[in-house]
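A.B. asks:
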Amino acid sequence: MKIIAHRGASGEAPENTLAAMALAIEQGADAIEIDVHLCQNELVVIHDHHVDKTTSGTGPVLDYSLAELQQLDAGQGQRVPTLWQVLKLAAGKMEFNIELKGHGCDQPLPELLQRAIDELGYRPEQFIISSFHHPMLARFHRNAPQYAIGALTACCPLDLAKFATDLDANTLHVEAEMVSKELIADAKQRGLPVYVYTVDRPKMLNELKQLGVDGVFTNYPQRSRQHLQQH
Ligand code: G3P
Ligand code: CA
């Protein structure tokens with residue numbers, strides 16, 4: 001089961017910061033999940049539309065210039081990084097699940113990923129792009145079909161695996177509460193790996209491993225891996 005560091009190793013370092021990315025790499029995560037928004041024309045790594053919850057600032061990300069945004073304290077003296085800074089830190093040696101959060105943030109992404117491939121040594125297979133905003137995700141997929149996309153779903157009364165297939169997604173990302181034996185079987189039959197968020201509880205890790213899920217998003221990559229190795 002793949003260990004995906006959720007917002008970096010965000011249980012032990014401020015989420016979506018370079019410190020959280022460095023810790024996830026150090027802890028041997030298989031991949032890192034990050035959230036992106038547009039700030040002017042730059043893609044920045046932050047979860048919410050507003051900066052209030054994770055930084056010293058207030059108001060929407062969109063109201064900030066990049067210079068202003070990067071003056072804020074994102075926890076323990078960390079700054080809100082750009083996507084480029086994060087990709088540079090991992091220097092082509094990590095897989096990333098980039099979650100499109102902010103409106104329009106799909107637009108500059110293909111060019112930035114191409115630059116990461118050309119200048120930092122990444123391969124296209126190291127990226128999965130996901131989003132709850134399925135029309136935006138579909139638009140990204142049309143514009144840049146060389147990258148895998150993940151159908152990110154929340155609690156909803158849909159046939160989730162069919163939904164992902166209809167979206168032409170390569171992976172299905174589901175909330176832990178939505179996972180069932182039937183869903184895993186359906187996804188497997190469709191050739192869809194299933195990644196589950198957000199899983200920190202040992203008991204849940206065991207249950208998901210038993211069910212045969214392909215990966216988990218966890219805030220504690222090291223602890224989760226150690227637990228899985230011992231059980
Ligand atoms: O991509 C999985 C998970 O990160 C989705 O929820 O709110 O943590 O971005 P959220
Ligand atoms: Ca996310």
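If you count by the UniProt record's numbering, then the sequence shown holds residues 1 to 231, one letter each, in order.
Quick reminder that beta carbons are idealized off the backbone N, C-alpha and C, glycines included.
1. According to DSSP, what are the bridge partners of Ala151?
2. When the Cα atoms are used, what is the spatial distance from Glu182 to Phe163?
3. Between Ile46 and Val86, which are expected to be in contact by the criterion C-beta below 8 Å, what is the C-beta distance as a whole number of angstroms?
4. Looking at the secondary structure, which residues open and close the alpha helix (DSSP H) in which Asn206 lies?
5. For His47, does the three-state DSSP call read helix, strand or coil?
6. Between Pro14 and Leu158, what straight-line distance do the alpha-carbon atoms span, to the nearest angstrom?
7. Using only the heavy atoms of ligand 1, determine whether one of them is closer than 6 Å to the beta carbon of Tyr147.
8. Along the chain, which unbroken stretches of the alpha helix (DSSP H) at least 4 residues long are found entirely within the stretch 48-133?
9. Within 10 angstroms of its Cβ, does Thr218 collect 16 or more other Cβ (buried), or is it exposed?
10. Among residues of its own chain, excluding the 5 on either side of Leu112, which ones have a beta-carbon nearer than 7 Å to its beta-carbon?
11. Using 8 Å for Cβ pairs, my map puts Arg7 next to Asp52. What's the rounded Cβ distance?
12. May I ask you to list the residues that DSSP assigns as paired with Lys2?
13. Tell me whether Phe217, by its Cβ, gets closer than 6 Å to a heavy atom of ligand 1.
14. For Leu152, I'd like the list of residues in its chain whose CB is within less than 7 Å of its CB, leaving aside the five on either flank, ordered along the chain.
C.D. replies: Working from what's here:
1. The sequence position of residue 151 within the sequence shown is 151, counting from 1. Looking at the DSSP assignment, Ala151 forms a beta bridge with Ser131 and Leu172.
2. Along the sequence shown, read from residue 1 onward, the residue named residue 182 stands at position 182. Along the sequence shown, read from residue 1 onward, the residue named residue 163 stands at position 163. If you take the alpha carbons of Glu182 and Phe163, they lie about 15 Å apart.
3. Here residue 46 refers to the residue found at position 46 when the sequence shown is read from its first residue. Here residue 86 refers to the residue found at position 86 when the sequence shown is read from its first residue. That pair is no contact at about 11 Å.
4. Residue 206 sits at position 206 when you count from the first residue of the sequence shown. Asn206 -> alpha helix (DSSP H) spans Pro202 to Leu211.
5. Sequence index remark: in the sequence shown, residue 47 carries index 47 (1-based). Three-state DSSP puts His47 in coil, outside helix and strand.
6. Along the sequence shown, one-based indexing puts residue 14 at 14. Along the sequence shown, one-based indexing puts residue 158 at 158. Cα-Cα distance, rounded: 34 Å.
7. Counting from one through the sequence shown, the residue named residue 147 turns up at place 147. Because no heavy atom of ligand 1 lies under 6 Å away, the Cβ of Tyr147 does not count as near it: no.
8. 66-69, 83-90 and 109-120
9. One-based indexing of the sequence shown puts residue 218 at position 218. Answer is buried; the Cβ neighbour count reaches 16.
10. Within the sequence shown, numbered from 1, the residue matching residue 112 stands at position 112. Excluding sequence neighbours, Leu112 sits near Leu43, Leu83 and Trp84.
11. Taking the first residue of the sequence shown as position 1, residue 7 is located at position 7. Taking the first residue of the sequence shown as position 1, residue 52 is located at position 52. At roughly 16 Å, the Cβ-Cβ gap does not stay under 8 Å, so Arg7 and Asp52 are not in contact.
12. For the purposes of this step, residue 2 is taken as the residue at position 2 of the sequence shown. DSSP output for Lys2 lists Gly215 as bridge partner(s).
13. Translated into positions along the sequence shown, residue 217 becomes position 217. Yes - ligand 1 has a heavy atom lying nearer than 6 Å to the Cβ of Phe217.
14. Here residue 152 refers to the residue found at position 152 of the sequence shown. Contacts found: Glu99, Ser130, Ser131, Phe132 and His173.
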